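A.B. asks: Last residue of the sequence shown: 433 (my numbering), numbering continuous. Supplied in structure tokens, the structure appears directly below.
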Amino acid sequence: MSRKKIIAGNWKMNQTPSQAVALVNQLKPLVENQDVDVVFCVPAIDIIPVVEACKGSNIQVGAENMYFEEKGAYTGEISAEMLVDAGVQYVIIGHSERREYFAETDETVNKKVLQAFAHGITPIICCGESLTQREQGITIDWIRQQIKIAFLQVTAEQAAKAVIAYEPIWAIGTGKVATTEQAQEVCKAIRDCIAEIYDEQTAAAIRIQYGGSVSAASAPELFAQEDIDGGLVGGASLKPDFGKIVNYNK
Ligand code: 13P
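Right under this line is the structure:
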């Protein structure tokens, strides 16, 4: 089965609404590539103007987080229904920065994944090991645990549509990209884990991204790996370089 590549930008806490629109207008002509799904995951306050600015282009819009409850007294949170109404198709769940600074756990990740699917939003589910975990040789065990909990009660039909982002924490924002072999090894282990939880068909359908210091220089080799179906890009997604990353195959 051939999977369509998916290359997503994670803007993190960057770009005011007016800066966001200017950036979309700058990047729009650079990120045209029919072979790839292109997603801009943007701060919540930028979503509405970015959806408007992306109209008529190949860019789909994602959120960087959402809450797992339907609605109610959760001051400051944003629901799946709000995201859908604003035109969002993807949501990043469980980024390592949210796990580290905002106390997200595998259990809250699971609740958010279920809630995203309940509203027809595609979750981009993040996993990744710390440098200590890699050095201790427990990377694969750790990632398998994150995946197994994230997918609790998720049906095979839903899982086939999910996106998983493998982001080694030591590679995020450090300029230290994982080697192609390291990235492929873990992405394959994730696919094997999905096959174990579900079946081969689901494992063959699910898309697995690599993230962590992806650049125009490293993208072509990374995305050529059998089990790497694109990337989740931080810093470079805010620059014209993102156009080169999206067009890694040209
Ligand atoms: P960088 O590409 O800046 O390393 O960030 C990766 C990331 O965290 C994407 O979610």
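All C-beta atoms in this analysis are idealised placements derived from N, C-alpha and C, irrespective of residue type, glycine included. All figures in this text were calculated on a predicted structure; none of them were measured in a lab.
Quick one: residues in its chain with C-beta nearer than 7 Å to the C-beta of ARG281, no 5 flanking neighbours on either side, listed in chain order?
C.D. replies: If we look at ARG281 and ignore the five residues flanking it on each side, its Cβ neighbours are ASN248 and GLU287.
A.B. asks: At a threshold of 8 Å, does ILE391 count as lining ligand 1 (C-beta to nearest heavy atom)?
C.D. replies: Incorrect: ILE391 has no Cβ contact closer than 8 Å to ligand 1.
A.B. asks: Indicate the three-state DSSP secondary structure (helix, strand or coil) for LEU415 in the structure shown.
C.D. replies: If DSSP states are grouped into helix, strand and coil, LEU415 belongs with the strands.
A.B. asks: Starting from ARG186, trace the alpha helix (DSSP H) both ways and give me its first and last residue.
C.D. replies: That residue, ARG186, is in no alpha helix (DSSP H); it is neither H nor E in DSSP.
A.B. asks: For ALA378, which residues in the same chain have their Cβ closer than 6 Å to its Cβ, ignoring the five residues on either side in sequence?
C.D. replies: Only ALA386 meet the Cβ criterion.
A.B. asks: Secondary structure at TYR257, three-state DSSP: helix, strand or coil?
C.D. replies: Reduced to three states, the DSSP call for TYR257 is coil.
A.B. asks: Check PHE285 in the structure and name its three-state DSSP category.
C.D. replies: DSSP places PHE285 in coil when its eight states are reduced to three.
A.B. asks: In terms of residues, what are the limits of the alpha helix (DSSP H) holding THR363?
C.D. replies: From DSSP, the alpha helix (DSSP H) with THR363 extends over 363 to 380.
A.B. asks: Taking DSSP as the reference, what is the three-state secondary structure of ALA345?
C.D. replies: If DSSP states are grouped into helix, strand and coil, ALA345 belongs with coil.
A.B. asks: Roughly how many whole angstroms lie between the Cα atoms of ILE437 and GLN392?
C.D. replies: Outside the displayed span of the chain (184 to 433) sits residue 437, for which this structure offers no information.
A.B. asks: Taking the CB atoms as reference points, tell me whether LYS427 and ALA402 lie closer together than 9 Å.
C.D. replies: Result yes, Cβ atoms of LYS427 and ALA402 sit closer than 9 Å.
A.B. asks: Taking 8 Å as the cut-off, is the CB of HIS278 close to at least one heavy atom of ligand 1?
C.D. replies: Answer for HIS278: yes, Cβ within range of ligand 1.
A.B. asks: Tell me, to the nearest whole angstrom, how far the beta carbon of ALA333 is from that of VAL292; I am working on the premise that it is less than 8 Å.
C.D. replies: About 5 Å separates the two Cβ atoms, so the contact holds.
A.B. asks: To the nearest whole angstrom, what separates the beta carbons of ALA203 and ASP229, a pair I think is in contact under 8 Å?
C.D. replies: Contact flag correct, Cβ pair sits at about 4 Å.
A.B. asks: Are there 16 or more other CB atoms within 10 angstroms of the CB of GLN319, so buried, or fewer, so exposed?
C.D. replies: The residue is exposed, with fewer than 16 neighbouring Cβ atoms inside 10 Å.
A.B. asks: If you drop the 5 nearest sequence neighbours on each side, which residues of the same chain put their C-beta closer than 6 Å to that of LEU314?
C.D. replies: Same-chain partners within the cutoff: TRP353.
A.B. asks: Under a three-way DSSP split, which group does ILE355 fall into?
C.D. replies: Of the three classes helix, strand and coil, the one that applies to ILE355 here is coil, per DSSP.
A.B. asks: What residue ranges within the segment 210 to 251 form continuous beta strand (DSSP E) runs of no fewer than 3 residues, ordered along the chain?
C.D. replies: Here the runs fully enclosed are 219 to 225 and 242 to 246.
A.B. asks: If you draw a straight line from the alpha carbon of ALA361 to that of ILE242, how long is it in whole angstroms?
C.D. replies: The straight-line gap from Cα to Cα measures roughly 27 Å.
A.B. asks: Please determine whether the Cβ atom of ASN193 lies at a distance below 8 Å from any heavy atom of ligand 1.
C.D. replies: True, at least one ligand heavy atom lies under 8 Å from that Cβ.
A.B. asks: Give the DSSP bridge partners of THR338, in chain order.
C.D. replies: THR338 pairs with nothing; no bridge assigned.
A.B. asks: Under a three-way DSSP split, which group does THR385 fall into?
C.D. replies: In the structure shown, THR385 sits in a helix (DSSP, three-state: H, G or I).
A.B. asks: Would the C-beta of ILE275 count as close to ligand 1, meaning under 8 Å from any of its heavy atoms?
C.D. replies: True, at least one ligand heavy atom lies under 8 Å from that Cβ.
A.B. asks: Residue range of the alpha helix (DSSP H) that GLY426 falls in?
C.D. replies: Start and end: 424 to 429.
A.B. asks: If we count the other Cβ atoms within 10 Å of its Cβ and call it buried at 16 or more, is PRO212 buried or exposed?
C.D. replies: By the 10 Å Cβ count, PRO212 comes out exposed.
A.B. asks: With DSSP as the reference, label THR199 as helix, strand or coil.
C.D. replies: Here THR199 sits in coil by DSSP.
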